[in-house]
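One structure is given here, and the rest of the page talks about it.
Protein chains: 4
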Amino acid sequence: MALRADAARNRAAILAAASEAFAEHGPKATTEQVAQQAGVAIGTVFRHFATKDDLLVAIMKESLKRLATLADESTLAEFFTAVVDEAARTRMVVTALGESRLDIGDALRGLTDSVSRLLEQAKAAGEARSTVQVDEVMALLTAATYAARQSSWTTDLRQRTLAVILRGLR
Amino acid sequence: MALRADAARNRAAILAAASEAFAEHGPKATTEQVAQQAGVAIGTVFRHFATKDDLLVAIMKESLKRLATLADESTLAEFFTAVVDEAARTRMVVTALGESRLDIGDALRGLTDSVSRLLEQAKAAGEARSTVQVDEVMALLTAATYAARQSSWTTDLRQRTLAVILRGLR
Amino acid sequence: MALRADAARNRAAILAAASEAFAEHGPKATTEQVAQQAGVAIGTVFRHFATKDDLLVAIMKESLKRLATLADESTLAEFFTAVVDEAARTRMVVTALGESRLDIGDALRGLTDSVSRLLEQAKAAGEARSTVQVDEVMALLTAATYAARQSSWTTDLRQRTLAVILRGLR
Amino acid sequence: MALRADAARNRAAILAAASEAFAEHGPKATTEQVAQQAGVAIGTVFRHFATKDDLLVAIMKESLKRLATLADESTLAEFFTAVVDEAARTRMVVTALGESRLDIGDALRGLTDSVSRLLEQAKAAGEARSTVQVDEVMALLTAATYAARQSSWTTDLRQRTLAVILRGLR
DNA sequence: TATGAATGAGGGTTCATTCAT
DNA sequence: AATGAATGAACCCTCATTCAT
Chain H
1 MALRADAARN RAAILAAASE AFAEHGPKAT TEQVAQQAGV AIGTVFRHFA TKDDLLVAIM
61 KESLKRLATL ADESTLAEFF TAVVDEAART RMVVTALGES RLDIGDALRG LTDSVSRLLE
121 QAKAAGEARS TVQVDEVMAL LTAATYAARQ SSWTTDLRQR TLAVILRGLR
Chain C
1 MALRADAARN RAAILAAASE AFAEHGPKAT TEQVAQQAGV AIGTVFRHFA TKDDLLVAIM
61 KESLKRLATL ADESTLAEFF TAVVDEAART RMVVTALGES RLDIGDALRG LTDSVSRLLE
121 QAKAAGEARS TVQVDEVMAL LTAATYAARQ SSWTTDLRQR TLAVILRGLR
Chain Y
1 MALRADAARN RAAILAAASE AFAEHGPKAT TEQVAQQAGV AIGTVFRHFA TKDDLLVAIM
61 KESLKRLATL ADESTLAEFF TAVVDEAART RMVVTALGES RLDIGDALRG LTDSVSRLLE
121 QAKAAGEARS TVQVDEVMAL LTAATYAARQ SSWTTDLRQR TLAVILRGLR
Chain R
1 MALRADAARN RAAILAAASE AFAEHGPKAT TEQVAQQAGV AIGTVFRHFA TKDDLLVAIM
61 KESLKRLATL ADESTLAEFF TAVVDEAART RMVVTALGES RLDIGDALRG LTDSVSRLLE
121 QAKAAGEARS TVQVDEVMAL LTAATYAARQ SSWTTDLRQR TLAVILRGLR
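As you go down the protein sequences, you meet chains H, C, Y and R in turn.
Counted from 1, the first sequence has number 108 at position 108 by the UniProt record's numbering; the numbering is strictly sequential.
Counted from 1, the second sequence has number 84 at position 84 by the UniProt record's numbering; the numbering is strictly sequential.
Counted from 1, the third sequence has number 38 at position 38 by the UniProt record's numbering; the numbering is strictly sequential.
Counted from 1, the fourth sequence has number 161 at position 161 by the UniProt record's numbering; the numbering is strictly sequential.
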């Protein structure tokens, strides 16, 4: 029972370290880097996540789940802004949205559902035209997310770019 | 000090092969694959491009130059469409637009100039509102390009997504 | 200083599990597999057997002792047949007979003694020629045992092969 | 053309090193050990043999081919003796004969053919009874080979053991 | 200049063994 | 005494880059 606490702490540390490492170096960050960052031996990483890909998936799902939660508390415009903000910090958001090799389908579908709801609200509020469909919103989200990764992006540019997209949805 | 005829031919073959290889497998395509595709030994690849990154840069610059030329012959809307179409075929366009690690700054600036001109024309034609600036157009271009890479994209989705962006610019 | 009842039970369970695991996957079966099979944590395995090799030795000795007992109740021919039969089921018999790296010398000597007695009886019964010595019988036993491990062996082939050996001893 | 010579020399060195390493430590000898023994970097080993298993297979096939050649120049008795002699030196002969996981079927079949011929000759010469079949001869060969690996085997013991087998075939 | 074999650092993963609880 | 998480050396293999021919 006590050890479980240690293990849980390590698992969290690994996830945190992985988030950071992948955020900075993308998916090619080394498992050893993750281990080091987490203050843990390499074997411990593999005890918790049998494969590097498993670790990647875990982080992506976490990320997507966080976004889904966020979606449930925002308007479409707010959500777009928040996602892009996070993407500016983390390379993994976009990797998650754009990755097809790894099995994150469920989580992605969960997010799509949330966004779908947001879109309906936006339509009801007159902030999205009725012809717009979810898939293009998701596509635009992914797109914006990706662009936000550019190191040259200032807050100002981010706002102007988002404004164009949101205007286009109206 | 011009290259020997066969050297020039090799260089071209390598570039072509690299374009194809990277288009298909992304930047993680092997130099050996490139060499093979070019019908050349690896040593030859490295004689022409001292580093894999150098090769990557060369291709990206080529790509950006091609896009700049294209920009000079189109309207803004046509250009967007054309770029996104190419991106759907080639993974490198987006890598080029989104890459910050490699030094392709000047080529990117060249493209920005061309797009700048397109934007002015669009404004004059009433197809872009006057407050829009080049940097957000570039950002949107990058974004659209990235999203276009998704394997799930149909032509239809591509069109709808572009429509939103172009509408937003107006 | 006898073991606690539960400790004794664990020790037995581990030995049984190890027998099974090594029988199936050879000596490369994992200690973790053994622990799992025994329904015990790894730590417990290592408390009882300080080393994987120690565990291996224990099993081999057990195996050899069982064979010695068997020898005391059979004729030479019966014994050969029985051993080969068991070897066809279990990969460890042969490993035990053929192993030189691990220290199972005394157990092996015990078996040799038993076989020695069998041989004398066989000679008396006219089923083994007088010039035959124990060491070659042991060698033949090891040999037959090994060959019996081949997956391609049918019962028929086993019998014919044994027949040759037994005939040779006469 | 000149490099080919170097490469060939390296390939031979690797095979020789691997033979030795595997002979001494069995199939669990490290590829690094092989590389070192061959005076070559690890990459070179993998350039010549894409996989450790490939290297293993290569050596086994070499071994089996050598034996097949030998078979074509001997009587059954001589062949048995020679094989057992080689087995005493090399752990791989037996591994080769007993291995089923790796694809050495062809080579094994080749050897079986050769032995088949030997057996016919032996029958003609009255040194093998007519009821004996090839498969049991192969089995006995494998068996003898395995037993020969024992470190305790003296030349004398080897001869006596073989004598029993050969007598049994008659 | 071209060739392609050689190099070797580094990556993901396994597993016997240790140790905190 | 038992648990099971943590350790870390070792393994197989890849690939950008170098260098002898």
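Ideal Cβ positions, reconstructed from N, Cα and C, are used throughout, including at glycine.
A quick note: this is a predicted structure, and the numbers were derived from the prediction, not measured.
- Taking the Cβ atoms as the reference, A68 of chain R lies roughly 5 angstroms from L111 of chain R, within the contact range of under 8 angstroms.
- Interface flag for T69 of chain Y against chain R is unset, since no Cβ pair is found closer than 8 angstroms.
- Shown here is that no member of the segment 19-30 of chain R has a Cβ falling below 7 angstroms from a Cβ of chain Y.
- Distances from the alpha-carbon of T161 of chain Y to those of Y:E136, Y:R101 and Y:T81 put Y:T81 closest.
- Contact between A77 of chain C and R149 of chain C does not hold, since the beta-carbon distance rounds to 21 angstroms and is not under 8 angstroms.
- Look at V45 of chain H: its C-beta is not under 8 angstroms from any C-beta on chain C.
- Apart from sequence neighbours up to five positions away, the residues of its chain that approach L140 of chain C with a beta-carbon distance below 6 angstroms are I165, ordered along the chain.
- Taking all protein chains shown into account, I42 of chain R has fewer than 16 neighbouring C-beta atoms within 10 Å of its C-beta and is therefore exposed.
- Among the residues facing chain R, I165 of chain Y is included, as its CB has a counterpart in that chain under 8 angstroms away.
- Relative to D53 of chain H, the option among H:L70, H:T44, H:R101 and H:H25 whose CA is nearest is H:R101.
- Counting only residues of its own chain and dropping the five nearest sequence neighbours on each side, M138 of chain Y has a CB closer than 7 angstroms to the CB of T112 and V115.
- The segment 2-11 of chain Y and the segment 5-15 of chain C do not touch, with fewer than 3 CB-CB distances between them shorter than 8 angstroms.
- In the structure shown, G110 of chain H adopts helical secondary structure according to DSSP, grouped into three states.
- Within the model, the alpha-carbon separation for L108 of chain H versus R158 of chain H is close to 24 angstroms.
- If the five residues before and after I104 of chain C are omitted, its C-beta is found closer than 8 angstroms to the C-beta atoms of V57, M60, K61, L64 and A96, all from its own chain and listed in chain order.
- T75 of chain C and A124 of chain C have their C-alpha atoms some 11 angstroms from each other.
- Shown here, L166 of chain Y sits in a helix according to DSSP, grouped into three states.
- The residue from C:G39, C:T154, C:A144 and C:E120 with its alpha-carbon nearest to that of D72 of chain C is C:E120.
- The residue from R:S152, R:G168, R:R170 and R:R167 with its alpha-carbon nearest to that of R89 of chain R is R:S152.
- DSSP, reduced to helix, strand and coil, places F46 of chain R within a helical segment of the structure shown.
- For Q37 of chain H, the enclosing alpha helix (DSSP H) has its first and last residue at T31 to A38.
- Contact check for T145 of chain Y and V84 of chain Y: beta-carbon distance about 6 angstroms, within the 8 angstroms limit, so the pair qualifies.
- Distance from the CA of R47 of chain H to the CA of V34 of chain Y, rounded to the nearest whole angstrom, comes to 18 angstroms.
- Chain Y has no Cβ within less than 8 angstroms of the Cβ of E86 of chain R.
- Residue contact check for D135 of chain H against chain C: a CB pair falls below 8 angstroms.
- Just so you know, the alpha carbons of R167 of chain C and G168 of chain H end up roughly 5 angstroms apart.
- For A21 of chain C, the uninterrupted alpha helix (DSSP H) segment begins and ends at A5 to H25.
- Sixteen is the threshold: when 16 or more other Cβ atoms of the shown chains lie within 10 Å of the Cβ of D135 of chain C, as they do, the residue is buried.
- In chain order, A163, V164, I165, L166, R167, G168, L169 and R170 make up the part of chain C whose C-beta sits under 9 angstroms from the C-beta of G168 of chain H.
- Below the 8 angstroms Cβ cutoff, chain Y contributes Y146, A147 and Q150 as neighbours of T142 of chain R, in chain order.
- Against chain C, the beta carbon of A139 of chain H has neighbours under 8 angstroms at A147, Q150, W153, L157 and T161, listed in chain order.
- The beta carbons of G26 of chain C and R91 of chain C sit about 5 angstroms from each other, so the pair counts as a contact at 8 angstroms.
- Following the DSSP letters along the chain, one finds A88 of chain C inside the alpha helix (DSSP H) bounded by residues L76 to R89.
- A21 of chain C sits close to Q37 of chain C, with the two beta carbons spaced by under 8 angstroms.
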